[in-house]
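Visitor:
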Amino acid sequence: VKQLPLDRLILETDCPWCDIRPSHAGAKHVRTSFPTKKDKQYTRELGSGSGADDDGKGDGDGFCVKNRTEPCHVAQVAEVVAGIKGVNVREVVDVCSRNVYHLFGSLEKKR
Numbered sequence: 333v334k335q336l337p338l339d340r341l342i343l344e345t346d347c348p349w350c351d352i353r354p355s356h357a358g359a360k361h362v363r364t365s366f367p368t369k370k371d372k373q374y375t376r377e378l379g380s381g382s383g384a385d386d387d388g389k390g391d392g393d394g395f396c397v398k399n400r401t402e403p404c405h406v407a408q409v410a411e412v413v414a415g416i417k418g419v420n421v422r423e424v425v426d427v428c429s430r431n432v433y434h435l436f437g438s439l440e441k442k443r
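Counted the way this note's numbering counts, the sequence shown spans residues 333 to 443.
Structure representation (structure tokens):
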């Protein structure tokens, strides 16, 4: 990551089961965290939504399954890349977002 140009990176998570663990080299750069529940505690009542995106619907969203990577964890990937490259997280997000648009085109619905 350190040697790759930022304008050649696209951020992603290794969904669903490869979270950034404390033993990983980049873990020291992670600043955000998300509330988790153990898989066995993650019941239908708690929801089976797409991660820590508490939308106020009372469906249990707001919890991630412990050790499972959710889409919201891409923020942690950005933090690791920023830490390794010695740049601001906002810069990583902005440049990598442009890279996605450059590769895939506009994500807006075409008329």
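The C-beta atom is built at its ideal place from N, Cα and C for all residues, glycine as well.
#1: Should T364 go down as buried or exposed, given a rule of 16 or more other Cβ atoms within 10 Å for buried?
#2: Is it true that the CB of L341 sits closer than 8 Å to the CB of C404?
#3: Can you give the Cα-Cα distance for I416 and R430, rounded to whole angstroms?
#4: Rounded to whole angstroms, what's the CA-CA distance from W349 to E411? Just pull it up for me.
#5: Taking only runs that begin and end inside the segment 384-437, name each unbroken alpha helix (DSSP H) of 4 or more residues, in chain order.
#6: Can you have a look at V424 and say buried or exposed, based on whether 16 or more other CB atoms are within 10 angstroms of its CB?
#7: My output table needs one value for K360: the three-state DSSP class, helix, strand or coil.
Guide: So, from the data block:
#1: Exposed: under 16 other Cβ atoms inside 10 Å.
#2: Cβ atoms of C404 and L341: not closer than 8 Å.
#3: If you take the alpha carbons of I416 and R430, they lie about 20 Å apart.
#4: Their backbone Cα atoms lie some 19 Å apart in a straight line.
#5: Complete alpha helix (DSSP H) runs here, min 4: 406-417 and 421-436.
#6: V424 should be labelled buried.
#7: Annotated three-state conformation of K360 is helix, per DSSP.
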